[in-house]
């Protein structure tokens, strides 16, 4: 268990603090993780909010996040993306990666165009942060293609769902990393990734038993709600 493992904090240190909050992000950075993963939506007022779900809490899945404005999201405790950058810049200068999961719901007819989402995210990151310390991930691979169409060298990470066991289709995106659901990993899928030259960063892995399993497999990275526990486990 002495190989290097990239430790990613899922929505910040979400086991200790409210997910996707400034406090959660700050805590993860304090712990010394390699990267922090957050979720973002483009709002109707053009701002980028940091929030996971597609619907407002308590709305009965009737009020889409992308239809809201900044003030509404702040009422629910959701920071804007520039708030995250200010938090990270105010801390130590230690380099860490920020993995931004960009949300897109094709079933919502009011969803902003993918090109508009990508443009807004890139402008926000470029103005406030460093693109060479940022990776973009999504379950919507069409969105990732827009990132590549904009600048071919952007690092993107395709996310695979709980029932996606065929990893080979991600190769069309030429990723360095892919992020599968942990439950889909086994000896066969890990061996395929190694042959294909693709690094694995499964989500969301929270127990010592499973941490040991991915280490034994030689998986290169892991997304966890418990970065403090994982870092302690790694010694």
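Residue numbers (the numbering used here): 373 to 607. By construction, the Cβ of each residue, glycine as well, lies at the ideal position given by its N, Cα and C atoms. Bear in mind the structure is a predicted one, so any value in this text is a computation, not a measurement.
If you ignore the 5 residues before and after residue 483, its C-beta comes within less than 7 Å of the C-beta of 438, 476, 477, all in its own chain and listed in chain order. Residue 487 holds the alpha-carbon nearest to the alpha-carbon of residue 521 among 380, 576, 487, 387.
Distance from the CA atom of residue 562 to the CA atom of residue 582, rounded to whole angstroms, is 14 Å. Rounded to the nearest angstrom, the gap between the Cα atoms of residue 417 and residue 453 is 14 Å. For a cut-off of 8 Å, the C-beta gap from residue 460 to residue 401 is around 6 Å, short enough to register as a contact. Contact between residue 472 and residue 412 is confirmed by a C-beta separation of about 6 Å, below the 8 Å threshold.
Listed as beta-bridge partners of residue 528 by DSSP are 508. Under DSSP, the beta-bridge partners assigned to residue 594 are 379.
With 16 or more neighbouring CB atoms inside 10 Å of its own CB, residue 392 falls in the buried class.
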